[in-house]
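Q: Before I ask anything, let me first share the structure, which is written out below as C-alpha cells.
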Amino acid sequence: MQKFVKKKAKKPCNPSTLENCDKKDKTYIEEIKDFDEAKINELKEKMDSELKELSDQHQEAKDLFEKQKEEAMATMKKSEELKKQLSKLQNKVGYKLLILKAKTAPAEGKSEL
281 MQKFVKKKAK KPCNPSTLEN CDKKDKTYIE EIKDFDEAKI NELKEKMDSE
331 LKELSDQHQE AKDLFEKQKE EAMATMKKSE ELKKQLSKLQ NKVGYKLLIL
381 KAKTAPAEGK SEL
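For the sequence shown, counting from 1, position 71 maps to 351 in the working numbering; every step adds exactly one.
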C-alpha cells in the first residue's frame with residue numbers, strides 16, 4: 281500500500297531538469313530527445329486519443345453492466361415473486377388436483393367385457 285501511495289503521490293517528472301524523474305521517465309526522455317515539436321505533438325495527440333477511446337469504451341461497458349445488472353435484479357425479484365405465488369397455489373390446489381387426477385384415471389384392475 282505504501283509503495284502505491286508513494287508512486288501515485290510523487291511529484292511529476294520535469295523533462296527539462298530531470299527533477300523527480302525515475303529511470304523509466306529518463307529512458308523515455310532520452311528516446312524522444314531528438315523529436316521536433318510537431319512529432320512530440322503528434323505522439324501526444326495519438327496517446328490522448330487512444331486513452332480517450334479506451335476510456336469511452338470502458339465507460340460504455342460499465343454503463344451497460346449497470347443497466348444489465350438492474351434488469352437482472354428486476355428479473356430475479358419477479359422470479360422470486362412468481363415462485364412465491366406458485367408455492368401458494370400448489371399448497372391451495374395441489375392436493376385437489378391429485379384427487380381429481382386419481383378420480384379420472386382409468387381404474388387399474390378393472391377389465392372391460
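From the three backbone atoms N, C-alpha and C, an ideal C-beta is built for every residue, glycine too.
1) Considering serine 296, what are the terminal residues of the alpha helix (DSSP H) in which it resides?
2) In the structure shown, what three-state DSSP assignment does phenylalanine 345 receive?
3) Please report how far the alpha carbon of proline 295 lies from the alpha carbon of lysine 347, in whole angstroms.
4) If you follow the alpha helix (DSSP H) that lysine 303 is part of, which residue opens it and which one closes it?
5) Given a cut-off of 8 Å on the beta-carbon distance, is the pair lysine 306 and asparagine 300 in contact?
A: For this structure:
1) As a working note, residue 296 is residue 16 in the sequence shown. It is not in any alpha helix (DSSP H) - serine 296 carries neither H nor E in the DSSP assignment.
2) The residue labelled residue 345 in the question sits at position 65 within the sequence shown. Phenylalanine 345 falls in the helix class under three-state DSSP.
3) Along the sequence shown, read from residue 1 onward, the residue named residue 295 stands at position 15. Along the sequence shown, read from residue 1 onward, the residue named residue 347 stands at position 67. Their Cα atoms are separated by approximately 44 Å.
4) Mapped onto the sequence shown, residue 303 falls at position 23. That run of the alpha helix (DSSP H) goes 303-312.
5) For this step, residue 306 is matched to residue 26 along the sequence shown. For this step, residue 300 is matched to residue 20 along the sequence shown. Against a cut-off of 8 Å, the Cβ pair of asparagine 300 and lysine 306 comes out as no contact.
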